[in-house]
Every structure is written in structure tokens, then in C-alpha cells.
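**Student:** Let me begin by handing over the structure; questions about it come next.
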Amino acid sequence: MDFALDQKSVQRLKLLRGLGKELFRPLGMEADKKGEPIPPDHPFFQQIVDMGLVSPLGPDPEKKKSEPSEKRSNRMAVLFAEEASYWDRGVAVTMPGPGLGGPPINKMGTPAQRERFMSVFKDKKPHWGAFAMTEPSAGSDVAGIKTLARRDGNSWVLNGAKTFISNAKRAEWVIVFATIDPKLGRAGHRAFVVEKDTPGFDVTRVERKMGLKAYESCSFVLEDCRIPADNLLGGEAYYEKKAGFKGAMSAFNASRALVAVMAIGVGRAAWDHARQFVRDNYDLGRPIPRYRRILERLATVKRGLDAGRALAWRGAWLLDIGEPNALEASMAKQFCPPAALAACSTAVEVLADAGVRNDELVEKLYRDVKAMDIVEGTQQIQRTIIARRLVGLPQET
Amino acid sequence: MFELSLTEEDDLLRKTSGDFAESRLGPAARDSEGNREVAAAIVSEYRELGMHALELPESLGGSGLPPFGKALVLEQLAGGDAAAVLACDGVGPAIYPLVEMGGVRGASLLEELVGKADARGWVIVDREDALEVTADRVRGRWPWVPAEKLDVLVVLKGNRALVLREGVELEPVKPCALHAAGSAAVAIDAPIAETFESASGAARSEARLRLYAASLLLGVAATSLRYAIEYTKERVTFGRPVAHHQGVAFLIADLACRIDAARLSIWRAAWALEQDGDPTEAAAAAFLDAADTALECGEQGVQLLGGHGYMQDHPVEKWMREARTLAQLWGGRDAALDVLADRVLETSGHVGFAVPSWGKQI
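Chains as they are written, first to last, in this note's numbering: chain S, 6 to 402; chain L, 25 to 386.
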């Protein structure tokens, strides 16, 4: 048992911390004020690529899957995700790299597909990937997706709509989950790689969100979108094992711990800000009624954040040692965002009237953090998953 | 024996204000937020209905409505747009210290203010001595008020109400919510126009401020839950309406209970204000019940809509921000808890005073 970080990890985090302070935080605040995402040609992204900081879950074709390097381990990923989100979660999501599209390519893709779709990230320029599961009528109910895939000769033809997809407008490719026949349920699910500029793939809008303005959340339609048969992720053989839905779920098992710990990063930023505010403004040489309560509340918030982080670390660690982590990833995802929301809401209260001003960080964090309780499965769906595994709650409940 | 039914007049008030909120304030709320002001036509209708003058004495052209009636109306109006209420409510909550503490001078000042069609007023409760007060001036900065123009600012400080008419500079700032009401940081270097002093008047003023905020919070909470209920009844996941999943249904049931409890708490505080006794405890409890409920309903309203709730296509994200912002008013939950603890523990003064300063220790 060892909760300590090794020196290399500490150094990497230190580097990211410097970057976060210098770039992430100011860029995130600026995007929030403008209400616009950071444009893909912003020099920040090239800087990130030049520093070799592209997505920690990115590819490493030289390494075997079973032997992830320390740098690319899920444990390193959660450390990075928390630190990056501490400085700005929106900017963290807009970082170049395969993003949430990385895990399905790495887990489900054939060696040829991994080479084909990941090689784009080797050219030392900013590129993005994206992951598209959510549909206008299917969010947490991922099994209910309606985007239809039809085989036509040596192609697949996709029809449907996806929504709230991060970075889809700037992505080189989007992993699109579709069904070959809704009657087949989960067995009908397939994952496809839809490349940029494919005819029939049309980003119809960039959503207007409450927070997290730094990155674009997109809706797109697929209208007779024809892609090569080779773009079926994992190839036909993969789905003969009825693994399409499982593939998506295993991707979630990796990303849920990440999203959970991102929430902790946002919450920690709010907590730090509130603590500093108290130090700066409330030591007036005399007791004030709410001091005692602020102390208790900041301590309570810290307990929640620390406990949540530990849950997320466990989820990542299990993945790294090749153990199932579906239950543990859901536990982290269920626990962390509410703890982080409480941290942000408390911070707003600690700042009193100043807390609702847009030029105060905590006001932004309060709006940003709510999304973390929704993306990658709401707390409601996490409870269902946890209950199914712990007490055998029936599937249909 | 206690009696909880509403009179015909109460029902009419609720219906009139509710209809106006639903037909006029609500549909315009996003535009009002974007424009950071309420359209002149809506302001005009608000005034024609007399909503801005409900608590004004009849001698000043108002309805002389007691706190209970005002609470009923504020809940309904806030269901449409709480920011518009603050924008349209004229002198607004500044009426309370003037009426409760001002006596003849307060009434005269109120008469002067009411004579101006677009007069705006606000109250700052300076519990933590952030402002410097001398014999004839108030100086200092206040981080935020929901207004960009003020004809009168009343600073409540202990048992005193300090009325400021000039020397109050407002610098616009972007707020979390309530954009349509205006939003500004305040720089004060002002001569004191009037000083009113009354312990019971100050307590009643604070209680009425809390009741005002609580009623708005309740309106936001209730409208958020109503919207989420309709949405979850229509949206289907896992083969059934979202609302029919137990985890969601129970959450909705819990929130509905909290809203009803907060409403009754507000009614009790309004009733207490209409009696001779001290309304402080009931008003503080009402504010806390409403604030906690609104914060929960605001956040869960977004949650119940899932990803759609986070987008500005639906109003729930706005209500979440509004709840968070309204819950900060006049010292927010902290101040209300202090007051409540004082009353419950029968301590004279602040319960926290026994605790040593610890600012540098955390």
C-alpha cells in the first residue's frame, strides 16, 4: 500500500502546474468571459504539442497493451486530469489528442486501425479525436442509441444524430456508436470511425452551455454518411463476440474515473480559492460569527474531495493492473461530482456577495462543475450500476 | 385553532401574479438576461398591475398589502423571472427599513421616492463591519448589488439604518445570474442623509428582507421542479419515462416535500411578521428553508434534464444560477444561521463570539 507519488510523477505534475497557472487558468477565464471556445488555431495548442503534453491516454504503439508505461498509465492519467482540471477543466478538454476517442481505438481497434487513426497525432501539430455516443434522445441510456448503420458493399452507411460531443467540429475523426438493428439491443451496437470532411457528416451547431465555455460541445448529423468498411472499429470479428456494447462500456470504465477526478480538480480549485479568500479577508483580529462555520465547512469539503480522489485513484489503479473496475469506476463517478459541486457552492457562499461576480473564479467553477455530474453517465445511472453489482438490482429497474 | 386556507383575495393575488409571470415574465426571461434589462413594455405592465406597490401604504397609492400577500405574489412572479421582479419592484426592499424604522421622516422619504417612476432602492446589511461609518459619512466598497442604478441605498448596521442618497458609485459587473436586475460593485463615500435607530425596527427590517428573498427563492425552486417534472414525464429512457424510474421518482418526491415545507415556513414567517412578537426566528428559518430548497431544486433541475439541462436551450440552468445568487442576499445562509442560532440558543449577540480568531491557522 503506497499513496505516495514517485519523483517523476511529481516532476510531471509540477510542469503541468506551471502550464496551468500560466495558460490554462487565464485562457479558461477569457473563454468564459467571451462565451466562446478557444479556436483550434490558437498558439496555445501548438505549444502543448511542442511540449509533448498531448493527451496522457494517447497511443504508444511501441508498448504492448498489457504493459502500459508509467507515463501513459491510467494512474498518471488521473493525476494529470485532476491537475489540468484544477486550472481549467474546459481547457483540459480542449487539449489536442484523441481525447475520449483514445480508449476505444486502443481497446477495440485492430493494430492496423490503431496505426491508421493514431498516426495523425505524430506530426507535431495539434489534432483532435472525438467520441460520440450521446444522442438527442439517448444520454445515460446508451443502449437506446438510434443512429443506424447499414452495410452496403464495401461501405457502411450511417444515419442519425449525435449531441453534446466534445471537440467534434475540430476532430480528425469521431468514434461514432451506432446500431445495425435496434431490435438486437446491445448486440446490434457497432463503433465506427468517421473521418473529418466525410460527406454526410455535418456539425450542425456548437451548443450554448452554462459553463465550460473553453471547449466546443457539438451536435452533428449523419445523413447517408458513407464510410469504408475498414472503419468498423475492431473489424467484423470483434462483434461476433457481441462485444460492441462491451467495448463502449470498457471505454467508459476508463473515462469515468477520469471524469470523476476532473470534478475533484475543479472542487479543489474552489476550495483553495475560498481558503485563500478567508486568509486574505477574514483575519480582522477579532472573531466574526461565521468564522467557526466556515472552518467546519471547509474541512467537510476537503474530506469529500480527498475521499473522492481516493475512489478515482482506485478505479485507475485497477485498470492498470488489468482487473475489472466497472463497479469502482461508477463509485468514483457517483461520489466525486456531488462532492465537487458542494465544494464550489460552499466557496461561493464563503465569498459572500463577491461570490456571485463573474470576475471571481468560484462563480465560474460553480457553473463549470455541474456538467461533471452529467457527462459519462449521471449519478443516477451510476447508482443503478452500483446497485446492480452490489445487490443484484434487476437490469430493467 | 390554526387555519391554513387562503382567502379569495389571496387566490386572486396568486392567480393574477402567476398568470403575468407565465405569460409575460417567463417568455421574456432569456431576452431580459441577454439585454441586462427588462423590456419597457413589461415594466409598464408590471406597474399597471400595481405589483411594484403592493406593500406601499394606500396613502401613497399602494395596496397596503401585508407581508403574507407580498410573499404569495413574489413566489409566483419569481417563477417567471426573479430578475425582472428586482428590476421592476421600484424602491423594492428599501421600503422595509424606511417603514419599520423611519417613522415620519421615513414615510416622507418614501413618498418622495415613490413620486419618481423609475426609482430604485436597495439595502446592504453590513453585519461584518466592512463599511466605515463616521458621524456623518459612510465609506467603503461593497462587492455586489443587483442594480446598476440606485436612488436610495440603506445600510443596515446593528440597530441603525443609514440612508444614503448620493456618493454611491455603481460600477457594472457581470453576475452569476439576475442580469436583468442590473449588477454592480459599489464604491461608497457618502454623506448620511438620514439615520434611523430602532432595535425592534431593525429586527423587523431584516426579517422582511429575508422573507422577500425567501419568497423569490421558493418561486425559483418551484418553477424548476415543475419544469423538470414535465420533462421527465415525457422523456423516455430504458423503455419508460424518466420520471417512472424509482431513483428519479423518489428524488422528485423529496424535492416536492421540501418545496411544500419551505412554502409553509415562509407563510409562518409572514404570519409572524403580522403579529406583535419578534419575527426574527421564523424569518431566518424561512430563508434557510427556501435557500436550501432552491439550491437543491436548482441543481437537481439541471440534473433531471441530464445534458439538456446544462444547455441554455432550457431554463433550468438559469434557475440553478438564480438560486445560487438569491441565496447570497443579505448575508445569505450564514447570516440567517447566526440569527437563528442566537434565537434558538437564547444567546444575546452572536454565538460565534466565544470562538477565537483562527484566520491564519487553517
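Every residue gets a Cβ at the ideal spot worked out from N, C-alpha and C, and that includes glycine.
1. Only counting the same chain, and skipping five residues up and downstream in sequence, which positions put a Cβ closer than 6 angstroms to that of S/Tyr91?
2. So, S/Ser145 versus S/Gln339, is the Cβ gap smaller than 8 angstroms?
3. Could you check the C-alpha separation between L/Pro215 and L/Cys281 for me, to the nearest Å?
4. Below 8 angstroms between beta carbons: does that hold for S/Ile150 and S/Phe197?
5. Which residue wins for smallest C-alpha separation from L/Ala286, given the options L/Gly243, L/Pro303, L/Asp113 and L/Met344?
6. My assumption, with CB atoms under 8 angstroms, is that S/Ala279 sits in contact with S/Val355. Please give the rounded CB distance.
7. Please report how far the alpha carbon of L/Glu152 lies from the alpha carbon of L/Trp354, in whole angstroms.
8. Which residues in chain L sit within 9 angstroms of S/Thr351, going by Cβ to Cβ distance?
9. Buried or exposed: where does L/Val62 fall if 16 or more other Cβ atoms within 10 Å of its Cβ makes it buried?
10. State the DSSP-derived secondary structure class of L/Leu115, mapped to helix, strand or coil.
11. Can you tell me whether DSSP reads S/Ile299 as helix, strand or coil?
12. For a cutoff of 8 angstroms on Cβ pairs, would you count S/Thr305 as touching chain L?
13. Could you list which residues in chain L have their beta carbon closer than 9 angstroms to that of S/Asn363, in chain order?
14. How would you list, in chain order, the residues of chain S whose beta-carbon sits under 8 angstroms from the beta-carbon of L/Met344?
15. Going along chain S, which residues have a C-beta under 7 angstroms from L/Val326?
16. State the start and end residues of the unbroken alpha helix (DSSP H) segment that holds L/Trp343.
17. Need the endpoints of the alpha helix (DSSP H) that S/Ala196 sits in, please.
18. Beta-carbon separation of S/Val367 and S/Cys341 under 8 angstroms?
19. Return the chain-ordered list of same chain residues with a C-beta closer than 6 angstroms to the C-beta of L/Arg60, the five sequence neighbours on each side being excluded.
20. Tell me whether L/Leu316 sits in a helix, a strand or coil according to DSSP, three-state version.
21. I'd like to know if the region 306 to 318 of chain L and the region 110 to 122 of chain L are in contact, where contact means that at least 3 CB-CB pairs between them fall below 8 angstroms.
22. State buried or exposed for S/Asp311, treating a residue as buried only when at least 16 other CB atoms are found within 10 Å of its CB.
23. Taking Cβ to Cβ, would you say L/Ala351 is nearer than 8 angstroms to L/Leu328?
24. Can you check which of these residues, L/Trp291, L/Glu32, L/Cys200 and L/Leu364, is closest to L/Val169 by C-alpha distance?
25. Is there a C-beta anywhere in chain L that falls below 8 angstroms from the one on S/Asp146?
26. I need the straight-line Cα distance from L/Ile212 to L/Glu135, nearest angstrom please.
27. Of the choices L/Arg234, L/Asp43 and L/His76, whose alpha-carbon is the least far from that of L/Lys140?
28. DSSP three-state call for S/Gly2: helix, strand or coil?
29. Within the chosen definition, does the region 153 to 173 of chain S reach the region 222 to 242 of chain S through at least 3 CB pairs nearer than 8 angstroms?
30. Where DSSP assigns a beta bridge to S/Asp207, which residues make up the other side?
31. Grouping DSSP H, G and I as helix and E and B as strand, with all else coil, what is S/Asp186?
32. Restricting to runs no shorter than 4 residues, where is the alpha helix (DSSP H) found entirely within the region 108 to 176 of chain S?
33. Consult DSSP for S/Lys214 and reduce its assignment to one of helix, strand or coil.
34. Measure the C-alpha to C-alpha separation of S/Ile53 and S/Arg195 and round it to an integer number of angstroms.
35. Round the Cβ separation of L/Lys181 and L/Asp150 to the nearest angstrom and send it over; I've been treating them as touching at under 8 angstroms.
36. Measuring CB to CB, does L/Arg367 end up less than 8 angstroms from L/Phe311?
**Tutor:** So, to answer that:
1. Gly270, Arg273 and Ala274
2. no
3. 48 angstroms
4. no
5. L/Gly243
6. Their Cβ separation, rounded to whole angstroms, is 4 angstroms, which keeps S/Ala279 and S/Val355 in contact under 8 angstroms.
7. Roughly 11 angstroms between the two C-alpha positions.
8. Residues of chain L passing the Cβ test: none, with the nearest at roughly 10 angstroms.
9. buried
10. Residue 115 of chain L is actually Val in this sequence, not Leu. Coil.
11. helix
12. no
13. Val197, Lys198, Pro199, Cys200 and Ser207
14. The answer, in chain order, is Met215 and Lys375.
15. Lys375
16. Val340 to Leu350
17. Note, S/Ala196: premise wrong, no alpha helix (DSSP H); beta strand (DSSP E) at His194 to Glu200.
18. no
19. His203
20. For clarity, residue 316 of chain L is Asp in the given sequence; the question names Leu instead. Reduced to three states, the DSSP call for L/Asp316 is helix.
21. no
22. exposed
23. no
24. The candidate whose alpha carbon is nearest that of L/Val169 is L/Cys200.
25. True, the Cβ-Cβ gap to chain L drops below 8 angstroms.
26. 24 angstroms
27. L/His76
28. Residue 2 of chain S cannot be examined here, being either before or after the span of chain S that is shown, 6 to 402.
29. yes
30. S/Val226
31. coil
32. Fully enclosed alpha helix (DSSP H) runs of 4 or longer: 116 to 123.
33. strand
34. Cα-Cα distance, rounded: 33 angstroms.
35. 5 angstroms
36. no
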